[in-house]
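Working notes for the structure below.
Residue numbers (my numbering): 123 to 453.
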């Protein structure tokens, strides 16, 4: 299977998925996160969610010297309201159903998570998994489109216009008529094909075909003059076959924190994006320079709103806040 075609293809943004990921680096710390969303039994009825996240520290010989893991299991109804949710890490296992049942994982969900306390902060592993639920609500929407193609013309007068670079007013998507939002999802390697060694990624069980996947990788290591180098990869994909995924959104981001922990360099490279104007958001990540990792949420809200940003790239830049926790191990 080489592609999943939905309706009449809309002009694509980028179709260049990463063929493989870089190997683990000596004297570094790596965070990897996966969130799966599977229709239950179809997208209109509900979503089964499973996630796993891991931090590892790599020593001077390339050996893993420290490991910390976390997991998430949840279920929502068809509109994204939580029915059940449990989280765990190396220290404990806890049901959050009582606190979050009925909450929608879409807009406003992060505010409810913030009320859970510091143990679930956005920079913790469990916090990262909870934070990803909002993004998965978007990705599940694409899954619904793939499984049940829309009637031609559904882009006309879309309320999405103006919400991001891909939906800029007067752009490719905003002026389309009778075309599909996705077109052909390019063939992409699975995570097992992307990594060079088993140590490079946490263990993942096989998931059903038709599952939407969101994965992140963040590496930090010390550069010159005490600066911290950042290498990050992100991909949303559709699991189509044992040895093949369909790439939906994908970026590689590099950056640098100076010796005071301030972001002084950032560069985003789009690899796979669905619509013709989506790549325009990448150049605007430099608007976040001059902030510390824990100030990036505010920076994204202030500078990357609307047509200057991309929902998925914005989340990737917010993910840099993880360096606050990771630096403890690097040091």
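We treat Cβ as the ideally placed atom computed from N, Cα and C, and that holds for glycine.
This structure is a prediction, so every number in the text was calculated from the model and none was measured.
Taking C-alpha atoms, which residue in the options lies nearest to residue i?
i: residue 324; options: 173, 433, 371 and 430; result: 173
i: residue 249; options: 231, 283 and 262; result: 231
i: residue 430; options: 416, 449, 410 and 414; result: 410
i: residue 262; options: 444, 144, 160 and 427; result: 160
i: residue 105; options: 371, 340 and 420; result: Residue 105 lies beyond the range of the chain shown here (123 to 453); nothing can be said about it.
i: residue 163; options: 148, 286 and 332; result: 332
i: residue 383; options: 217, 443 and 257; result: 443
i: residue 147; options: 317, 422, 326 and 368; result: 317
i: residue 362; options: 381, 335 and 387; result: 335
i: residue 236; options: 347, 352 and 419; result: 419
i: residue 166; options: 259, 243 and 206; result: 259
i: residue 156; options: 450, 423, 422 and 355; result: 355
i: residue 364; options: 375, 313 and 194; result: 313
i: residue 406; options: 394, 424, 393 and 292; result: 424
Starting from residue i, trace the alpha helix (DSSP H) in both directions and tell me its first and last residue.
i: residue 170; result: That residue, residue 170, is in no alpha helix (DSSP H); its beta strand (DSSP E) goes 168 to 180.
i: residue 357; result: Where residue 357 is concerned, there is no enclosing alpha helix (DSSP H), although the beta strand (DSSP E) it sits in stretches over 350 to 363.
i: residue 329; result: No alpha helix (DSSP H) contains residue 329, which DSSP labels as neither H nor E.
i: residue 439; result: 433 to 440
i: residue 421; result: 418 to 425
i: residue 448; result: 445 to 452
On the premise that residue j lies in contact with residue i, defined as a C-beta separation below 8 angstroms, what is that separation, rounded to the nearest angstrom?
i: residue 399; j: residue 265; result: So it is not a contact: roughly 22 angstroms between Cβ atoms.
i: residue 234; j: residue 222; result: 6 angstroms
i: residue 226; j: residue 209; result: Not quite, the Cβ-Cβ distance comes to about 18 angstroms (not below 8 angstroms), so this is no contact.
i: residue 379; j: residue 349; result: 7 angstroms
i: residue 247; j: residue 306; result: Not quite, the Cβ-Cβ distance comes to about 35 angstroms (not below 8 angstroms), so this is no contact.
Please tell me whether residue i and residue j are closer than 8 angstroms, where the distance is taken between their beta carbons.
i: residue 135; j: residue 401; result: yes
i: residue 171; j: residue 252; result: no
i: residue 204; j: residue 192; result: no
i: residue 358; j: residue 434; result: yes
i: residue 337; j: residue 441; result: no
i: residue 308; j: residue 137; result: yes
i: residue 96; j: residue 228; result: No answer is possible for residue 96: the residues shown for the chain start at 123 and end at 453.
i: residue 413; j: residue 452; result: no
i: residue 438; j: residue 373; result: yes
i: residue 310; j: residue 368; result: yes
i: residue 360; j: residue 268; result: yes
i: residue 436; j: residue 426; result: yes
i: residue 322; j: residue 182; result: no
i: residue 158; j: residue 176; result: no
i: residue 150; j: residue 186; result: no
i: residue 432; j: residue 403; result: yes
i: residue 153; j: residue 397; result: no
i: residue 428; j: residue 285; result: yes
From the DSSP output, which residues share a beta bridge with residue i?
i: residue 229; result: DSSP lists no partner for residue 229.
i: residue 153; result: 177 and 340
i: residue 310; result: 367
i: residue 208; result: 195 and 217
i: residue 133; result: DSSP output for residue 133 lists no bridge partner at all.
i: residue 189; result: 178
i: residue 158; result: 172 and 335
I need the boundaries of the beta strand (DSSP E) containing residue i, first residue and last residue.
i: residue 366; result: 366 to 379
i: residue 392; result: 385 to 395
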